[in-house]
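Residue numbers (the numbering used here): 3 to 260. Glycine included, each C-beta is placed from N, C-alpha and C at the ideal position. First comes the structure, then the notes that go with it.
Given below as structure tokens:
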């Protein structure tokens, strides 16, 4: 119990009152004592999965609590959290992202206040951070990034969704932004597509995360367990099935190549 209590303080960066209900006790003993304590993922990795889940779940207090903890612990910087919002928006939607960005504003002000610091206005971003404004160059870069991330040929730009959305914006810009490394974007994306009930994106993003080596099979297993705590066992089952199918396919392919 002491180990679980200590981990709650380390993860959430506050002292919580003693558990009063079975749910509160299980949260402390299982979610923190048994899952957050596991060595298979770093605490930072677990935060990306958790932030994605609580933001998508429309769970007001958990969003506030986990954003505060991520910032107050120093595990995530403010610029990284703001990059998270953009990646999350692509895969879970703009309204949910708008809400979590508002939470980040509030909790960053809280962190600064508790540290006795002034919460300065966020700087206006330079348009140069938006990437190439030559459409041919941008789309070509999007095609290359799509292939590099998904490890399959890029789709033809024959619909507005593919042309303007996928090739120009999502892979022509967002995945190439330097604010987060690819591993963080993989973790956020895998959790998002598992939340979304999107069979094909779930299959492709899990497979490419494993095939690329950005997330190992053992790490993916940890992602699935952590995800299941924050978004439910049923959703976790779908993510687990996709991971097992992708891994089995990868193993068959490696044996054929040998």
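Expressed to the nearest angstrom, what Euclidean distance is found between the alpha-carbon atoms of residue 124 and residue 242?
Distance between the alpha carbons of residue 124 and residue 242 is about 40 Å.
Closest residue to residue 99 among 230, 53 and 122 (Cα-Cα distance)
With distances taken between Cα atoms, residue 99 lies closest to 53.
Where residue 243 sits in the DSSP three-state scheme
DSSP places residue 243 in helix when its eight states are reduced to three.
Could you tell me the distance, in whole angstroms, from the CA atom of residue 222 to the CA atom of residue 212?
If I take the Cα positions, the gap works out to 8 Å.
Using 10 angstroms around the beta-carbon of residue 25, count the other beta-carbons present and answer buried if the total reaches 16, otherwise exposed.
Taking a 10 Å sphere around the C-beta of residue 25, we find fewer than 16 other C-beta atoms and assign the residue as exposed.
Which listed residue (121, 148, 178 and 117) has its alpha carbon closest to that of residue 108:
Closest option to residue 108, Cα to Cα, is 121.
Which residue spans inside the region 113-169 form an unbroken alpha helix (DSSP H) run of at least 4?
Uninterrupted alpha helix (DSSP H) stretches at least 4 residues long and entirely within the region 113-169 occur at 137-152, given in chain order.
Spatial neighbours of residue 74 in its chain, beta-carbon cut-off 7 Å, leaving aside the 5 residues before and after:
In the same chain as residue 74, and ignoring 5 residues on each side of it, the C-beta atoms closer than 7 Å to its own belong to 15 and 113, in chain order.
Would residue 47 pass as a contact of residue 189 if the rule is Cβ separation under 7 Å?
Yes. Within cutoff.
Beta-carbon spacing of residue 49, residue 72 below 7 Å:
Yes, the pair counts as a contact, with Cβ atoms nearer than the cut-off.
Just checking, does the region 57-66 make contact with the region 236-250 on the three C-beta pairs under 8 Å criterion?
Cβ pair count under 8 Å is below three, so no.
What's the call for residue 83, buried or exposed, on a 16-neighbour Cβ count within 10 Å?
With 16 or more neighbouring CB atoms inside 10 Å of its own CB, residue 83 falls in the buried class.
Helix or strand or just coil, what does DSSP make of residue 40?
Coil.
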